[in-house]
Amino acid sequence: MSQDTVISLNLATTRQVWGFAEAVDGCLRAGITAISPWRDQIAAIGLNEAARIVKANNIQVTGVCRGGMFPAETAAGRQLQIDDNLRAIDEAAALNADCLVLVVGGLPGSSKDIVGTRQMVSDGIAAMLPHARASGVKIAIEPLHPMYAADRACVNTIDQALDICENLGETVGVAIDVYHVWWDPYLARAIARAGRMNRIFAHHICDWLVPTRDMLLDRGMMGDGVIDLKGIRRMIEDAGFHGPQEVEIFSQDNWWKRPGDEVLQVIKDRVATVC
1 MSQDTVISLN LATTRQVWGF AEAVDGCLRA GITAISPWRD QIAAIGLNEA
51 ARIVKANNIQ VTGVCRGGMF PAETAAGRQL QIDDNLRAID EAAALNADCL
101 VLVVGGLPGS SKDIVGTRQM VSDGIAAMLP HARASGVKIA IEPLHPMYAA
151 DRACVNTIDQ ALDICENLGE TVGVAIDVYH VWWDPYLARA IARAGRMNRI
201 FAHHICDWLV PTRDMLLDRG MMGDGVIDLK GIRRMIEDAG FHGPQEVEIF
251 SQDNWWKRPG DEVLQVIKDR VATVC
């Protein structure tokens, strides 16, 4: 890790022990000055108070998690999701966030039409873009591992996300989470493409454990798994992104059970040695 590396704490990493304010206090104790909160954590403290805390402590908000979940079985259902995304834009704007991260959603109901579902995603993002642009909020599509294609995200590779970006314009980019993309045989090419398009808005890190006991809630601390973190970081920096390393770990049986200050110290040590 270079001396100027900035760590951002995705607040999912300490969500079982800290709320929004406690997480900010813990980050400041650890010398971490960037966060990425989830919308339920913002709602729990109130948007005005969250914004006050961010401004008072000069905190960088690398992203707000999350918007998306566009697909639905009916036009009315899709409009409800778009309306929720418009509210998410307002929250991201209030926190002066670098981007609003999208987990785009999976197949609606009993549908087997993944191509049509991806079109719902593109249409949903297009519908929210005028408000995003007027609010100064960038939209970051986060491709998720294919194991989530049915229920969480039908956009599963950086290239799929960039195809949507090309159609929608420069306000839309990607959040590259190593947990979801490390396996992609075309990863280097896709990251380089994202760099040429200037569409890398966030870089999330953790590790893939072997074995993984739960595909959602058993992410590893950096260095405990098989992801080539340094290699992917090199690709992303070569592509022109030098923003914070955002640590996002869902770990119901390990890291979520540990004191927050301990987790942050391990994060700092690992980013310094293995990332």
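Position one of the sequence shown corresponds to residue 1 (the UniProt record's numbering), numbered consecutively onward. Just so it is clear, CB atoms sit at the ideal spot from N, CA and C, and this is done for glycine as well.
Annotation: the region 115-141 contains the following complete segments of the beta strand (DSSP E) (minimum length 3 residues), in chain order: 139-141. Cβ neighbours of M222 within its own chain (closer than 8 Å, five residues either side excluded): I205, C206, D207, L229, V247, I267, R270, V271, V274 and C275. The beta strand (DSSP E) runs lying completely inside the region 7-52 and spanning 3 residues or more are 7-10 and 34-36, given in chain order.
At a cut-off of 4 residues, the continuous stretches assigned as alpha helix (DSSP H) that sit fully inside the region 185-254 are 187-197 and 229-238.
Distance from the Cα of S135 is smallest, within the candidate group A76, I232 and C99, for C99. No residue range can be given for I59, since it is assigned to no alpha helix (DSSP H) and is classified by DSSP as neither H nor E. DSSP, read as helix, strand or coil, puts G68 in strand.
In its chain, beyond the 5 residues on either side, I141, P143, V155 and V174 have a beta carbon closer than 7 Å to the beta carbon of A161. Each of M69, N198, C165 and V17 was checked against the Cα of Q41, and the nearest Cα belongs to V17. The alpha-carbon separation between V263 and T74 amounts to approximately 43 Å. In this structure, I82 lies away from I59, with their beta-carbon atoms at least 9 Å apart. The beta carbon of A188 lies closer than 7 Å to those of M235 in the same chain, with the five residues before and after it left out. Between the alpha carbons of S111 and T117 lies a gap of roughly 9 Å.
L100: member of the beta strand (DSSP E) spanning L100 to V103, first to last residue.
In the three-state DSSP reduction, G173 falls in the strand class (E or B). Residue A92 holds the alpha-carbon nearest to the alpha-carbon of L102 among K55, A92, W256 and T212.
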